[in-house]
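Remarks on the structure that follows.
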Amino acid sequence: MALAPTASLHGAKSIIAPPSPPGNVGLRRPSDRFALKSSFFTPSLHLLMPAQVSTVPATAPKYSMRVASKQAYICRDCGYIYNDRTPFEKVPDSYFCPVCGAPKRRFRPYEPAVTKNVNDKDVRKARKEQIKRDEAIGQALPFAVALGVAALVALYFYINTTS
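Below is the structure:
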């Protein structure tokens with residue numbers, strides 16, 4: 001194995017340029033990606049091309065655990081809250097409420113935090129009453145809006161006919 005001479009044979013010194021890092025082929029050093037971009041300092045071609053920043057994760061996880069669904073679902077008929085380990089989306093369509101027998105389609109997502117005694121009889125009855133009150137307000141709301149619009153129309157005609 002022969003080594004390459006670093007100086008020429010005639011005694012003149014040769015200057016060996018340090019190897020440029022890969023990806024930096026030109027004479028300029030790589031620009032700071034956080035620096036301001038200006039056509040005065042960089043060619044306009046570089047402004048049009050997106051910056052190539054490679055993001056490599058430090059370590060990739062070898063194992064991933066399946067996270068159980070933390071979303072609880074409430075039966076709209078009786079107030080029963082489904083919060084088992086099996087996610088509600090994976091439960092078959094033939095599932096029914098164990099308290100009142102309502103089908104799966106009667107369950108809705110339940111947002112508040114679920115406690116340990118969430119399906120006790122007294123707690124469930126209070127929740128059912130709250131659901132019924134909310135539905136009663138929802139059913140009366142369109143009637144109240146229609147009544148308000150009718151009152152405004154009547155007021156408009158009353159004011160315009162008396163002037």
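Residues 1 to 163 (full-length UniProt numbering) make up the sequence shown, in order. Every residue, glycine too, gets a C-beta built ideally from N, C-alpha and C.
Identify the continuous alpha helix (DSSP H) that holds TYR158 and give its terminal residues. Here the question's residue 158 lines up with position 158 in the sequence shown. It spans 121 to 162 - the alpha helix (DSSP H) in which TYR158 sits, taken as one unbroken run.
Specify whether the segment 109 to 116 and the segment 70 to 79 touch according to this definition: at least 3 beta carbon pairs, one from each stretch, less than 8 Å apart. Yes, the segment 109 to 116 touches the segment 70 to 79.
Under a Cβ-count criterion, where at least 16 other Cβ atoms within 10 Å of its own Cβ denotes burial, should ARG127 be classed as buried or exposed? Position 127 of the sequence shown, counted from the first residue, corresponds to residue 127. By the neighbour-count rule (16 or more Cβ atoms within 10 Å), ARG127 is buried.
Consider the C-beta atom of GLN130 and the heavy atoms of the ligand FAD; say whether any pair is separated by less than 8 Å. Ligands displayed in this structure: none; no statement on the ligand FAD is therefore possible.
Going by DSSP, what residue range makes up the beta strand (DSSP E) through PRO103? Here residue 103 corresponds to residue number 103 of the sequence shown, with the count starting at 1. Counting along the chain, PRO103 falls outside any beta strand (DSSP E), and DSSP gives it neither H nor E.
Tell me TYR73's beta-bridge partners as DSSP assigns them. Residue numbering aside, residue 73 sits at position 73 when the sequence shown is read from its first letter. In DSSP, TYR73 forms a bridge with TYR82, PRO109.
Rounded to a whole number of angstroms, what is the C-alpha to C-alpha distance between LYS125 and LEU147? Indexing the sequence shown from 1 puts residue 125 at position 125. Indexing the sequence shown from 1 puts residue 147 at position 147. Spanning the two alpha carbons is a distance of roughly 33 Å.
Is the beta carbon of VAL91 less than 9 Å from the beta carbon of TYR80? For this step, residue 91 is matched to residue 91 along the sequence shown. For this step, residue 80 is matched to residue 80 along the sequence shown. No, they are not a contact pair.
If CYS100 sits next to ASP122, beta carbons under 8 Å apart, how far is it from one beta carbon to the other, in whole angstroms? Position 100 of the sequence shown, counting from 1, holds the residue named residue 100. Position 122 of the sequence shown, counting from 1, holds the residue named residue 122. Cβ atoms of CYS100 and ASP122 stay farther apart than 8 Å, at about 16 Å.
So who's on the other strand from PHE96, going by DSSP bridges? For the purposes of this step, residue 96 is taken as the residue at position 96 of the sequence shown. Residue pairing of PHE96 in beta bridges, as defined by DSSP: PRO103.
Option nearest ASP93 by Cα separation, candidates LYS104, ASP84, GLY138: One-based indexing of the sequence shown puts residue 93 at position 93. Nearest C-alpha to ASP93 among LYS104, ASP84, GLY138: LYS104.
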